[in-house]
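Asker:
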Amino acid sequence: MKKIKLGHSDLQVSEVALGCMRMDKLTVGEAAKVLNSASESGINFYDHADIYGGGESEKKFSKALKQTDIKREDIILQSKTGIRSGFYDFSKVHLMESVEGILNRLETDYLDVLLLHRPDALVEPEEVAEAFDELHRSGKVRQFGVSNHSPYQIELLKKHLNQNIVANQLQLSIMHSGMIDAGVQVNTKDSHSIDHDRAILDYCRLNDITIQPWSPVQGQNGVFLNNDKHPELNDKLKELADKYDTNPDALAIAWLLRHPAQMQVILGTMNPDRVANYSSASAVSLEREDWYAIYRAAGNPLP
1 MKKIKLGHSD
11 LQVSEVALGC
21 MRMDKLTVGE
31 AAKVLNSASE
41 SGINFYDHAD
51 IYGGGESEKK
61 FSKALKQTDI
71 KREDIILQSK
81 TGIRSGFYDF
91 SKVHLMESVE
101 GILNRLETDY
111 LDVLLLHRPD
121 ALVEPEEVAE
131 AFDELHRSGK
141 VRQFGVSNHS
151 PYQIELLKKH
161 LNQNIVANQL
171 QLSIMHSGMI
181 DAGVQVNTKD
191 SHSIDHDRAI
201 LDYCRLNDIT
211 IQPWSPVQGQ
221 NGVFLNNDKH
231 PELNDKLKEL
241 ADKYDTNPDA
251 LAIAWLLRHP
261 AQMQVILGTM
271 NPDRVANYSS
281 ASAVSLERED
291 WYAIYRAAGN
301 PLP
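Mind the numbering: the sequence shown is residues 1 to 303 in this note's numbering, read in order.
#1: Which residues bound the alpha helix (DSSP H) around V93?
#2: Would you say L116 and V146 are within 8 Å of each other, going by their C-beta atoms?
#3: Would you grab the beta carbon distance between L103 and L111 for me? Rounded to a whole angstrom, and I think it's under 8 Å.
#4: Looking only at its chain, what residues have a beta carbon closer than 8 Å to the beta carbon of T81, apart from the 5 residues adjacent to it on each side?
#5: Using the Cα positions of L161 and G183, report the straight-line distance between them to the nearest angstrom.
#6: Which same chain residues end up closer than 6 Å to T68 when comparing Cβ atoms and leaving out the 5 residues on each side of it in sequence?
#7: Please say whether Q169 and N148 have beta carbons closer to each other than 8 Å?
#8: Using beta-carbon positions only, say whether V166 and H8 come within less than 8 Å of one another.
#9: Which whole-angstrom value is the C-beta distance of A276 and S41, which I expect to be below 8 Å?
#10: Using three-state DSSP, classify P303 as helix, strand or coil.
#11: Looking at the structure shown, is A304 part of a helix, part of a strand, or coil, going by DSSP?
#12: Residues in the same chain with beta-carbon distance under 6 Å from T246, minus the five sequence neighbours each way, listed in chain order, please.
#13: Is the region 231-247 touching the region 205-215 in the sense that three or more CB pairs, one from each, lie closer than 8 Å?
#14: Could you give the distance in angstroms between the alpha-carbon of K229 and the alpha-carbon of K92?
#15: I believe H192 touches P119 by the beta-carbon criterion, under 8 Å. Please report the beta-carbon distance rounded to the nearest angstrom.
#16: How long is the line joining the alpha carbons of I75 and I43, rounded to whole angstroms?
#17: Give the straight-line distance between the Cα atoms of N234 and L256, rounded to the nearest whole angstrom.
#18: Just to confirm before moving on: does the CB-CB distance between R137 and T108 stay below 8 Å?
#19: Would you please state the rounded distance, in angstroms, between the beta carbons of G305 and G29? I believe it to be under 8 Å.
#20: From the DSSP output, in three-state form, read off R142 for me.
#21: Leaving out the 5 sequence neighbours to the left and right, which residues in its chain are closer than 7 Å to D190 when beta-carbon positions are compared?
#22: Mark G86 as exposed unless 16 or more other C-beta atoms lie within 10 angstroms of its C-beta, in which case mark it buried.
Following this line, the structure appears as structure tokens:
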């Protein structure tokens, strides 16, 4: 598994990470098998959020971790906060209380990374800055980032923060490639030229913010792998899987890893075999023409 530097931090992280949103649905024993598969595949980074399973996913993770030989000091734990029932909340009070809850559920003294989950329209960046300062000073959170944020939302935060934004977790896949499409279709009238993401891809590259694609095998019709609604894409993935001596699942992840932004892909599966398959993408380096062939097979025209 290749390692990349997470933003401006000193963290060396696996370029494929395990997202633990659905871990609450597993038994502790099943969760331990998933963690072992991830560890054996070279994953050292685990992504959480305080709302996943109503907090049960973090609890299940900590219990499952005890059934493995994985040591806390050898892994990197990230969690997210800010989504509440029917509203978003970046107030200092909520951020501080949320982190305490996360630490208790994960049974750890610190988080390596804390992300603000979705933009809060009522954000007061001065309050966020105060919370981050206290969390950092106390050693409870070492690095900070955001999720689903636009360039100017990040700039507003940066005006007041004393810490770097090291990551931005964004939805991105072969079948959800808007932030790539808009760049390819500059100065055209094609519908793919519509920029819903406000040039966030280029912004993150310019500012050394690591993009963490979530739902990396999802599109508008659910999982696109082996989905008969996407025959051309799946045929191309199967064809190229033979060329690269890999499997279509891995190739879907390798397509994201090939991008020069040096992204860190967040896997959502809780199937140990799929974790291993997806993780093997780290050993695949797509040639430029094959990357574009997959992009076109997904229905994306080139101008």
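For each residue, glycine too, the CB sits at the ideal point set by N, CA and C.
Answerer: Here's the rundown:
#1: It spans 92-106 - the alpha helix (DSSP H) in which V93 sits, taken as one unbroken run.
#2: yes
#3: Distance from L103 to L111 at the Cβ level is roughly 7 Å; contact confirmed, criterion being Cβ atoms closer than 8 Å.
#4: A49, D50, H94, L95, S98, V99, I102, L114, L115, L116, H117.
#5: 29 Å
#6: A32, L35, N36
#7: yes
#8: yes
#9: 5 Å
#10: coil
#11: Lying outside 1 to 303, the shown extent of the chain, residue 304 is not represented and no answer is given.
#12: V284
#13: no
#14: 45 Å
#15: Not confirmed; about 24 Å, so no contact.
#16: 8 Å
#17: Cα-Cα distance, rounded: 16 Å.
#18: T108 is positioned such that its CB atom lies no closer than 8 Å to that of R137.
#19: The structure shown does not extend to residue 305, since the chain is modelled only from 1 through 303, so no value can be given for it.
#20: strand
#21: Beyond the five residues adjoining it in sequence on each side, D190 comes within less than 7 Å, by CB distance, of P301, P303 in the same chain, given in chain order.
#22: Answer is exposed; the Cβ neighbour count stays below 16.
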